[in-house]
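K.L.:
One structure, as structure tokens, below. Some questions next.
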Amino acid sequence: MNNKDNLIPREVFDHLVDLAAFSLEEQEKSYLHEQMNNQLNSIRELEAIPLPDDLPVTTHGVDYGQDGTPPLRKDEWVACQNTADILAQAPCVEDDYIVVPDIPTTELE
Amino acid sequence: MTIAYEAVIGLETHIQLNTLTKIFCSCKADSWEDEPNTNICPVCTGLPGVLPVLNEKVVEKAVLLAAAMQANIQDLSFFDRKNYFYPDLPKGYQISQYDHSLATGGFLDVPVPASSDTGSDAYVRQVRIHKLHIEEDAGKTKKEKDRRYVDFNRCGVPLVEMVTEPDLRSAEEAGQYLIRLRQLLRWLGISEADMEKGNLRCDANVSIREKGSTVLNTKTEIKNVNSIDAVKDAIRKEIERQIKEVEKGNTIKPWTLDWDDNAGVLRMMRSKETEADYRYFHEPDLLPLVISPAWQARILEGLPELPLARRKRFMEEFKIPEYDADILTTERDLADYFEETARLYGGDAKKISNWLMNDVLRMRNDLGKSMQELNLTPAYLTELVKLTDDGKINSTIAKHLLQKVQESGKAPYTLVEELGLAVVSDDGAIRSVCEKIIAANPAEVQSYRDGKQSLMGWFVGQVMREMRGKADPQITQRVLKEILDK
Amino acid sequence: MMTELTDYSAFKLADLVKTKQVSAREILQAHLQYIEKADGRPGSLDGIPSADDDKKIHAFITHTEAIALRQAKQVDEKIAKGEDAGLLAGVPFTVKDIFCVKDTPSTAASRILANFTAPYTATPVARLAAAGGLMLGKVNLDEFTYGSSSESSAFQPSPRNPWDLSKVPGGSSGGSAAAVAAHEGALSLGTDTAGSIRQPAAFCGVVGMKPTYGRVSRYGLIAFGSSLDCPGPLARTVKDAALMLQVIAGADKADATAAMKDVPDYLKDIEKDIAGMRIGLSPDYFRITFPDPESGEYVEQELPTEIQDAVYRTAEVYKALGATIVEDVPMPNTRYGIPVYFVISRVEAASNLHRFDGVKYGYRTPEQVKDLTEMYRRSRGEGFGLQPKLRILMGMYVSAAQYAEQYYQRALKVRSLIRNDFEIVFDPGGLYKLDALLTPTTPTTAFGMAAVYGDSVMMQYADQLTVPANHAGVPGISIPAGFSDDGLPVGVQLLGADFSEAKLLRIARAFEMATETDEWRTKKPIVLEGE
């Protein structure tokens, strides 16, 4: 791969930043964009690997087998005893609701 | 020349399963009466480090539904993450099933009744199912001033998402589909299916085309409809709007529309997001879901005969009219009740049907109970009908007795004995009352004897009243006639 | 007597406590005093660098004396009552700060979780505590474990290598390895996603084991690559690692990927001889392949001889112990470990980090925002460091619908090829019938602070020899095997079939016993010298 600098066009990068919900400084952007191009350059090695058509995907390396697979959960209710501790972690809580700024909508008539 | 249009409608339904606990944690699933953020735990609030553990009952209920929809149940399916930001989604992704879902295919036969409005006959619309999968519900947000208030209680309530093919052709058909689906869900016992409570939610994809055409045109998606009437209203409005647009020469845009039930109008929300942004991938925290043949067989042992099949069988086996069969199969416990009673009774099942439809159902509705909760069991109802058949009680008494059985929980025969409700067929007892009535009403006796034969009914009534309805009407009439004609 | 307690193995400490020669409280006090002296200031948010940073270890982020004191009291009470105080009675341990511990800051070394106090405890930590362990504190790591040097922590100073304070301890479990090497607790709980236990263990001259995926519950481990993450032990001896694994391994109702396999007694046969065992050497583990930072062209490079020599020396020891050394074992897909990892781990990481959005916990921007979207962007933009941001963006790229087939799906298939390599060589009915594969743990010894930091690609290639085991799910252990010419520890790695931890520990222990009296074994980390 020779042209390793421009694998990810800037508009694609900007779209990803948008999807990731990041506000970034220009300096951060150029570092991240450059590193992504470098990483992609490494990843592209995968494209050259010949793969048999029937090669299955591996989601977890280990073969659990039937006896190693954990059973599903029984439908039994266990109430959490410290819900207040969970809520206490939220930056803004009112009347036991977690409060966030409003959601922008583009309502059109 | 005007063009005739037809609508092409597909429905995407979200069905909350009525398991005791949530899909991936041990919190209670139903929070209807709970204060905000009380029915939560580290798992369903997406704390760092937590992991989902699948509730086995969720799979079982979803498999039942898939089987009832004649869908192909997959012995291997995967969970996937659907990634997006929204404050009601604490993990930032929804655990759902994407390209290898629990079941594919299947259909629901939807009987559409005759319509006097359009003059159409009754017919059956077969609605094919595209995909059926398991996923988790999100929390709820409410807007107040310029802020959002978030409640996580609903996070992780198990859902089945079922998507139909675009097989529905009118708002009425869509309504009937939902009615039949709701009936089926309750029949299977897998969801409360109450649209007002959000147990059953529906998005409608609507497009129009020239009648007879097979093309699929651009569709709009209607969201936020929470009753069957609202679904029908919204679809009707949208079909009208699309026809108007097309006739004006405009094109239909793939909008997402929000139904405002109070105002009865549709509003456009936002341009449809592309699926690419969700970046689905297999959920690494869950192993692939394997449904072994043995497990599937065990689940399907619990699959009851389905409403439409039962309706058909009731008509054939018990020789009851379609109308009766339809009503008696609206709910499974009603159908069970009917069938058990009809079998115990063994005679003309139409009689049982009449009793149920005229009296028992009303009584049950007034009491707000289920059929199983009634003291009036199938055995008691059978006994009661047999008592009338045998002339032990008359129909007036029988209706009274029905209430008494329900109130006391005692057997009809016992009550007849205890309360002395049996028809009096003792000739002597009736004769003495008849003589008393005749003696007390000389004017009426005279009129009768002068030829006003129609007064016989009045005399019978008087005797009945005196004997509080228990007199055998035939004997009474014979005795009265004997004395008056003397 | 007091200072010496920090030198004992976990095994020995538990024995001293159970035989009432020492109390848990005495052990704890000895450790607290020593840490106070040796560790220096803990990493803190916005910690300003100082010249003194290079004089101490800085393994910790949070000290948890109060918890440890409570635990010590419980152990001593049990001992007094004659009750079973657990396998780890009175053994001090540290926890990589990627595990949630109830009522304790659980930061993942990130600003975005700096103010997060976990309301629950991770399963492996709960098991260590239940076995009588004393939790000394939470130790430093790369932010969200994303790195191989621990330098990317938002809590500075980051940990130093106890053998040479100008070098990194490795990562991401750098705080764990440094703490154990510097005798700040006999054991540490780490996590390994691409080598994050084994690589720092090698750099710091300690034992580090990545168990089989699913052997140890991940519940409470703040996730990075969920299909790769493995909690595991770091210890100074193989027996201590076995002891710790004994305690933390096993099924967990809270983790649907924790295997149901019974946990064997890892100590029972650990000192049995290994005669007749088949130990493989693969040429594919004696070189690394990476893209040249300048040209982007792939270069293949032989490992430094001192690394290679350590492996061959180890093989000689095994041969002398009666094992069969099988050479030229092909592991042809080893070189794809990093590219595959670049895809799979990033996709999973991007999704795992979605939840940090300023809504429910952790950092929310203090700035006035106009709407929710801005709140998200600012909170995430300000809360995450560069490495998490990079991983999120990369993960989003390779899992986007238009690229997923090309990259993500393909990576999952290449992962199958990597797995196949292991299945073939460990197949008892196959050509190689290996009991273990012996490899170097790392391509180099510990590198200098700031030497590689910032180059995300080169940093990642430090994991090339460890990451295949994560893809395949198989267990691996890194053990000290000597020193480089410049006096830095060199580790060797043993890889085995699924759930073969007992066998790997036994093979590792055999080497340890055979080299017990070797001269290099007497070397001590610089921080311990002059005691």
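Residue numbers (the working numbering), protein chains in the order written: chain A, 1 to 109; chain B, 1001 to 1486; chain C, 2001 to 2531. A virtual CB, placed ideally from N, CA and C, is assigned to each residue, including glycine. Source: prediction; values computed, not measured.
Would you mind giving the Cβ-Cβ distance between K1219/B and D1203/B, rounded to the nearest angstrom? I have them listed as a contact below 8 Å.
P.N.:
That pair is no contact at about 11 Å.
K.L.:
Hey, could you find the ends of the beta strand (DSSP E) I2325/C is sitting in?
P.N.:
I2325/C -> beta strand (DSSP E) spans T2324 to V2326.
K.L.:
Pick helix, strand or coil for V1463/B, following the three-state DSSP scheme.
P.N.:
Helix, per DSSP.
K.L.:
State buried or exposed for E2516/C, treating a residue as buried only when at least 16 other CB atoms are found within 10 Å of its CB.
P.N.:
E2516/C is exposed by the Cβ-count criterion.
K.L.:
Measuring only between beta-carbons, confirm whether P1087/B sits less than 9 Å from chain A.
P.N.:
Taking Cβ atoms only, chain A reaches closer than 9 Å to P1087/B, which makes this a yes.
K.L.:
Flag this pair as touching only if the segment 59-77 of chain A and the segment 2433-2445 of chain C have three or more C-beta atom pairs under 8 Å; answer yes or no.
P.N.:
Because the criterion of three Cβ pairs below 8 Å is not met, the segment 59-77 of chain A and the segment 2433-2445 of chain C do not touch.
K.L.:
Check this for me: beta carbons of I98/A and F1152/B, under 9 Å apart or not?
P.N.:
It is a contact, given that the beta carbons lie within the stated cut-off.
K.L.:
Roughly how many whole angstroms lie between the Cα atoms of K2239/C and A2179/C?
P.N.:
Cα-Cα distance, rounded: 18 Å.
K.L.:
Let me know the alpha helix (DSSP H) ranges lying completely inside the segment 1423-1462 of chain B, each 4 residues or longer, listed in chain order.
P.N.:
Here the runs fully enclosed are 1427-1440 and 1442-1449.
K.L.:
Hey, is P1473/B's beta-carbon within less than 9 Å of any beta-carbon in chain A?
P.N.:
Answer no: the Cβ-Cβ gap between P1473/B and chain A never drops below 9 Å.
K.L.:
Can you tell me whether Q1126/B is buried or exposed, with buried defined as 16 or more other CB within 10 angstroms of its CB?
P.N.:
With fewer than 16 Cβ atoms within 10 Å of its Cβ, Q1126/B is classed as exposed.
K.L.:
Find the residues of chain C that neighbour Y1093/B, judging by a C-beta separation of less than 7 Å, and give them in chain order.
P.N.:
Residues of chain C passing the Cβ test: S2351 and H2354.
K.L.:
Using the rule of at least 16 other Cβ atoms within 10 Å of the residue's Cβ for burial, across every protein chain shown, is W1255/B buried or exposed?
P.N.:
Buried is the call here.
K.L.:
S2188/C: which of P2119/C, V2452/C, T2145/C and V2139/C sits nearest, CA to CA?
P.N.:
Ranking P2119/C, V2452/C, T2145/C and V2139/C by Cα distance to S2188/C puts V2139/C first.
K.L.:
Between E1161/B and H1282/B, how many whole angstroms is the CB-CB distance? I'm expecting something under 8 Å.
P.N.:
That belief does not hold up - the Cβ atoms of E1161/B and H1282/B are roughly 18 Å apart, past 8 Å.
K.L.:
Does the beta carbon of P2366/C sit closer than 9 Å to a beta carbon anywhere in chain B?
P.N.:
No, because no Cβ of chain B sits closer than 9 Å to the Cβ of P2366/C.
K.L.:
Kindly identify the DSSP beta-bridge partner or partners of A1204/B.
P.N.:
Note: A1204/B sits in a beta bridge opposite L1011/B and I1222/B.
K.L.:
Look at A2472/C and D2427/C and say whether their C-beta atoms are less than 9 Å apart.
P.N.:
In this structure, D2427/C does not lie closer than 9 Å to A2472/C by Cβ.
K.L.:
What runs of the alpha helix (DSSP H), each 4 residues or longer, lie entirely inside the segment 2035-2098 of chain C?
P.N.:
DSSP runs (the alpha helix (DSSP H)) wholly in the segment 2035-2098 of chain C: 2065-2081.
K.L.:
Output yes or no for whether 9 Å exceeds the beta carbon distance between A2242/C and R2025/C.
P.N.:
Result no, Cβ atoms of A2242/C and R2025/C do not sit closer than 9 Å.
K.L.:
Per the contact definition of three or more C-beta pairs closer than 8 Å, is the segment 59-71 of chain A in contact with the segment 2206-2215 of chain C?
P.N.:
The segment 2206-2215 of chain C is in contact with the segment 59-71 of chain A.
K.L.:
Would a C-beta distance cut-off of 9 Å place S1191/B and N1055/B closer than the cut-off?
P.N.:
No, the Cβ-Cβ distance between S1191/B and N1055/B is not below 9 Å.
K.L.:
From T1104/B to L2221/C, what does the alpha carbon distance come to, in whole angstroms?
P.N.:
Roughly 36 Å separates the two Cα atoms.
K.L.:
Can you look up Q1016/B in the DSSP assignment and give me helix, strand or coil?
P.N.:
In the structure shown, Q1016/B sits in a strand (DSSP, three-state: E or B).
K.L.:
Measure from the alpha carbon of R2419/C to the alpha carbon of each residue in I2307/C, T2334/C, H2354/C and G2487/C, then state which is nearest.
P.N.:
It is T2334/C.
K.L.:
Going along the segment 2187-2218 of chain C in order, which residues come within less than 8 Å of chain A, judged by CB to CB distance?
P.N.:
Answer in chain order: T2212, Y2213 and G2214.
K.L.:
Quick check: is the beta carbon of K1237/B nearer than 9 Å to any beta carbon in chain F?
P.N.:
Going by chain labels, chain F is absent from the structure shown, which instead holds the protein chains A, B and C.
K.L.:
Closer than 9 Å, CB to CB, is C2230/C near chain B or not?
P.N.:
It does not; no Cβ of chain B falls within 9 Å.
K.L.:
At 7 Å on the CB atoms, spell out the chain A contacts of Y1123/B, in chain order.
P.N.:
Correct list: empty, because the minimum Cβ distance to chain A is about 39 Å.
K.L.:
Run through the DSSP bridge pairs and tell me what P2291/C is partnered with.
P.N.:
DSSP lists Y2298/C as partners of P2291/C.
K.L.:
Contact between the segment 1096-1113 of chain B and the segment 2354-2368 of chain C: three or more CB pairs below 8 Å?
P.N.:
These segments do not touch.
K.L.:
Please classify Q2460/C: does DSSP put it in a helix, a strand, or coil?
P.N.:
If DSSP states are grouped into helix, strand and coil, Q2460/C belongs with the helices.
K.L.:
Starting from R1128/B and walking both ways along the beta strand (DSSP E), at which residues does that stretch end?
P.N.:
From DSSP, the beta strand (DSSP E) with R1128/B extends over Y1123 to E1136.
K.L.:
Tell me whether V2299/C is buried or exposed, calling it buried when 16 or more other Cβ atoms sit within 10 Å of its Cβ.
P.N.:
Burial call: exposed.
K.L.:
Could you check how far apart the C-beta atoms of S2416/C and P50/A are, in whole angstroms? I think they sit under 8 Å.
P.N.:
Going by Cβ atoms, the distance from S2416/C to P50/A rounds to 13 Å, so no, they are not a contact pair.
K.L.:
I want to see whether chain A comes within less than 9 Å of S2044/C, judged by CB atoms only; does it?
P.N.:
It does not; no Cβ of chain A falls within 9 Å.
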